[in-house]
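Comments concern the structure below.
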Amino acid sequence: MPLVRIDLRKGKSAEYRRAIADGVYQAMLEAINVPAGDRFQVITEHDAAGLIYDPSYLGVPRDDNFVMIQVTLNEGRSQALKSAFYKRIVDLLAANPGVEPRNVMVNLVDVPKGNWSFGNGVAQYAPDTPGA
Amino acid sequence: MPLVRIDLRKGKSAEYRRAIADGVYQAMLEAINVPAGDRFQVITEHDAAGLIYDPSYLGVPRDDNFVMIQVTLNEGRSQALKSAFYKRIVDLLAANPGVEPRNVMVNLVDVPKGNWSFGNGVAQYAPDTPGA
Amino acid sequence: MPLVRIDLRKGKSAEYRRAIADGVYQAMLEAINVPAGDRFQVITEHDAAGLIYDPSYLGVPRDDNFVMIQVTLNEGRSQALKSAFYKRIVDLLAANPGVEPRNVMVNLVDVPKGNWSFGNGVAQYAPDTPGA
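So the sequences go chain by chain: F, S and W.
Counting in my numbering, the first sequence tops out at residue 132, every number present.
Counting in my numbering, the second sequence tops out at residue 1132, every number present.
Counting in my numbering, the third sequence tops out at residue 2132, every number present.
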């Protein structure tokens, strides 16, 4: 169910962008118990005017390799899981495609399980849905 | 108040995209008691690298006609209403522009009524706003 | 921590778009106690088919200068603060770049403090993070 929005500067290859998306998905599988195949991601490139980041907020130096990752997902995960997710994302993106951890921002938006339909007009995760 | 974000692949006509937006709006009116005229929608097209979907998650076959619909709306609706909304969206989009129900994903994000301003810097829906 | 998404029609200058982003950031500092430097903004331009707004909902006349501002931020702010934020945004955008208050829509999405990582894979705002 996570819906992932990834925003970054223009100028990277499709392979580079795919590697970011792959890493975020892999981190979901490994760190926050997302089921295999639950992958829905929107990646948007921006020119300099379209993606604004502070270059030093909280003492973290950022540059034009900055990546913003916003994930809408089911509520109920502990802070320990969320924190492990952040850590796993930066480790995987550092390995491939080589995004520095300082350039990775993550935001989570929690929603109830009934707030998803994965097709066919059915709320597959709602408690009252057959098979949910 | 719903803010609707629709993401799909590039290559469809403006009429096709408009029909999706019309259908989502119509489903709001019919299924979840959204007032007439409460229509605010952002539609973004993506190339193949920019919109990633799993082709079979939960046994639902998806292809490049996949449409992701994320709706931010007021909290408090029952699961029955939400589920009716999903169903009405896919029925309307199947009729026009002909999106298969298997290709329609929906996600809801619930927010309090005071989280909206529809112009003029006023929180029109907040309980303490005159006329709200 | 606010993550700001600004959507508007194509055709404005980079300076115009920057002034909107500047105004939203300034309103955060002045009205809702956002720390200096906490600025992360995505600005997306759309053609006519990509940004749909009702031209008169709730009696507010809107035209193609319409701007949609969606802000994800920490939960816990009072309605009085939120309402002051809406008002400050429209005042600042009216002053520069000259967006009419009737054309400014704002939506807030509240999340817990642990839902952010500002870099390095750390949940800087989570209660159990050293230094948080």
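Here a beta-carbon is modelled for each residue, glycine too, at the ideal position from N, C-alpha and C.
None of the values given here were measured: they were computed from a predicted structure.
DSSP three-state call for residue i: helix, strand or coil?
i	result
N1115 of chain S	helix
Q1041 of chain S	strand
I2052 of chain W	strand
N2103 of chain W	helix
V2071 of chain W	strand
Look at residue i and residue j and say whether their C-beta atoms are less than 7 Å apart.
i	j	result
V90 of chain F	P97 of chain F	no
D54 of chain F	G2037 of chain W	yes
I43 of chain F	G1050 of chain S	yes
P1002 of chain S	L1092 of chain S	no
D47 of chain F	K12 of chain F	no
I52 of chain F	Q2041 of chain W	yes
V1004 of chain S	V1071 of chain S	yes
G114 of chain F	K1087 of chain S	no
E2075 of chain W	D2128 of chain W	no
What is the residue span of the beta strand (DSSP E) that residue i lies within?
i	result
F66 of chain F	Taken as a continuous stretch (DSSP letters only), F66 of chain F belongs to no beta strand (DSSP E), as it is neither H nor E.
R1005 of chain S	1003–1009
What's the call for residue i, buried or exposed, on a 16-neighbour Cβ count within 10 Å?
i	result
G141 of chain F	Outside the displayed span of chain F (1 to 132) sits residue 141 of chain F, for which this structure offers no information.
S1078 of chain S	exposed
S1117 of chain S	buried
Specify, as a first and last residue, the run of the alpha helix (DSSP H) that residue i falls within.
i	result
V1965 of chain W	Residue 1965 of chain W is absent from the model: chain W starts at 2001 and stops at 2132.
D1022 of chain S	1014–1031
Considering only heavy atoms of the ligand SAH, does any lie closer than 6 Å to the CB of residue i?
i	result
D54 of chain F	This structure does not include the ligand SAH; it has no bound ligands of any sort.
Taking three-plus beta-carbon pairs below 8 Å as touching, is the segment 1113–1128 of chain S in contact with the segment 2092–2111 of chain W?
yes
Touching by the beta-carbon criterion (3+ pairs, under 8 Å), the segment 2013–2023 of chain W and the segment 23–37 of chain F:
no
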